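Structure first, commentary second.
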Amino acid sequence: MKSNGGLSKQVYIYTVSAVGAFILFTNLPRFRDTSQIAEFLFMFLLVAIGEIAPVTIPHGSGTVSVSPPMNYTVTVLYGPAAGIWVNSLATLRKRDLSGEVPIRLVLFNRGMLAISMFMFAKTYEAAGGVFGMLEWPEGFIAFLTAAIVESLFNAILFASYYSLDSGMSFLGVWRLNIQWTLPSMLALYPLGILMILVAQQGGPFLLTLFYLPLLTVRYFLNKYIELRTAYREMATALSNAIDARDAYTRGHSERVAEYAALLAKELKLPEDRIELIRYVGLLHDVGKIGIRDAIMKKQGAYTYEEYEEMKTHAKLGAQMLSGVSFLGEGQEWVKYHHERWDGKGFPDGLKGEEIPLEARIIACADAFDAMTTDRPYKAKLTLAEAKEELKRCSGTQFDPEVVDAMIRIIDRMIAQGRWK
Ligand SMILES: [Fe+2]
Ligand SMILES: [Fe+2]
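Heads up, the sequence shown is in our numbering, so the first residue is 7 and it goes up one at a time.
The following block contains the structure:
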């Protein structure tokens, strides 16, 4: 089965590459005069520069570039051959050239791009578009039809590869990796029309203007990403310092952050909430820094007074974080991470939905990690036992909905072989 999949993948990759190469070499760009060659080279360079350093979207969901509308512009103004060459060859990225991407995939991508732009050109022509000039309204309609066909071809060729590579069904790939990119593709079509009109009026050199906003966005986005990385690193360093106070909780905060983020995702919280929960998960026990060593390092059961002092870590942690503006209401979640669904928790004895959802999530993640790691006073539970324990405490200690989500996560992880 596996070797069959591997073989059809190879055949697919080489077929797309070969068809692409055929299209490229049977469509050699021809130019009227040297000034048109200069214009073409300029646009080729503009696309190439845009691709070498694309803007990466936070959360790792891809890159932003103005290449697609730029490539449509080249095709409409300079004809199919020029467009196919720019789309296929000017879009080589740094990692394609550095050997980071295997050469057969680099060739596959070139083939895929050549085929898609070929389809754009053919559709544009068939729909009544004229090369060298975009006219209202026939040209606009032809352009939009052609752009949709190009996007679909690109998406189908890519999804087929991804499906063969991952063993996932074509529809699965479509839903997971393609569907959500289509609206942002649609947003690029009007930009394509605008670029063509600008180049038509003022010459292709004016297209540089479109790069200025892109460069500005890239600069600030990179700053933003650096800043977020710095936050994350600081929070992780602090969480290690918290966990180091207790020899038995090494990695506790990082695991709680991870489980809490998985739970938040499972409960369909928005992306920025998930991000914040991760930070708060890392820092939920920060108040332990203020608890005496004699208590922190104590082996065996606490006395009543010691337990009361230990309990102050929740409120203390929230106070410590009250000046950290980017955590926002996250400090509340730290304060309430030991509240219980039945109102028997601390510090305020909040009940049910009075406790912020995020605090209920962190409470469940926190308890689950305590169950599944060895502690001085008790051995860890197996996953099956931890599941039973979560169910047993559902509706008393924990929010039943959060427990249900945690059980789904555990089952999925077991099914994927990530937990045993
Ligand atoms: Fe705690
Ligand atoms: Fe904890």
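C-beta: ideal position from N, C-alpha, C; glycine also.
In this text, all values refer to a predicted model and were calculated from it rather than measured experimentally.
- Between the beta-carbon of Ile413 and that of Ala266 there is about 15 Å, and that puts the pair past the 8 Å contact cut.
- Cβ atoms of Thr79 and Gly198 come within 8 Å of each other, at about 6 Å.
- Excluding sequence positions up to five before and after Asp102, its CB lies within less than 6 Å of the CB of Val112, all in the same chain and listed in chain order.
- Contact between the segment 296-316 and the segment 397-404 is not established, with fewer than three Cβ pairs separated by less than 8 Å.
- If you check the CB distance, Leu322 and Gly296 come in under 7 Å.
- For Gly56, the enclosing alpha helix (DSSP H) stretches over residues 40-58.
- Counted as a single uninterrupted DSSP element, the alpha helix (DSSP H) harbouring Asn228 occupies residues 217-250.
- These are the residues, in chain order, with a beta carbon less than 5 Å from any non-hydrogen atom of ligand 2: Asp291, Asp372.
- The three-state secondary structure of Arg101, taken from DSSP, is helix.
- Ile361 is not a Cβ neighbour of Glu338, given a cutoff of 7 Å.
- Taken in chain order, the whole alpha helix (DSSP H) runs of length 4 or more contained in the segment 139-181 are 144-172, 176-179.
- CA-CA distance, Gly89 to Ile121, rounds to 11 Å.
- Looking at Asn77, Phe124, Ala365, Lys304, the one whose alpha-carbon comes closest to that of Arg251 is Lys304.
- Where His319 is concerned, the enclosing alpha helix (DSSP H) starts and stops at 319-327.
- Scanning its chain for C-beta atoms nearer than 7 Å, with the 5 sequence neighbours on each side dropped, one finds around Val53 the residues Ser73, Met76, Asn77, Val92, Ala96, Thr97, in chain order.
- Taking C-beta separations shorter than 6 Å and ignoring five residues to either side along the sequence, the partners of Val107 in its chain run Arg101, following chain order.
- Taking the Cα positions, Tyr254 is about 32 Å away from Leu233.
- Going by C-alpha positions, Ser328 is about 49 Å away from Tyr167.
- Counting only runs of at least 4 residues, the segment 372-407 fully encloses the following alpha helix (DSSP H) elements, listed from N- to C-terminal order: 389-398.
- Here the alpha carbon of Leu282 sits roughly 20 Å from the alpha carbon of Ile415.
- Taking the Cα positions, Ile248 is about 16 Å away from Arg381.
- Counting along the chain, Arg110 sits inside the alpha helix (DSSP H) bounded by residues 109-132.
- Per DSSP, the continuous alpha helix (DSSP H) segment holding Asn77 begins and ends at 73-84.
- Segment contact: the segment 145-165 against the segment 126-136, three or more CB-CB distances shorter than 8 Å; contact assigned.
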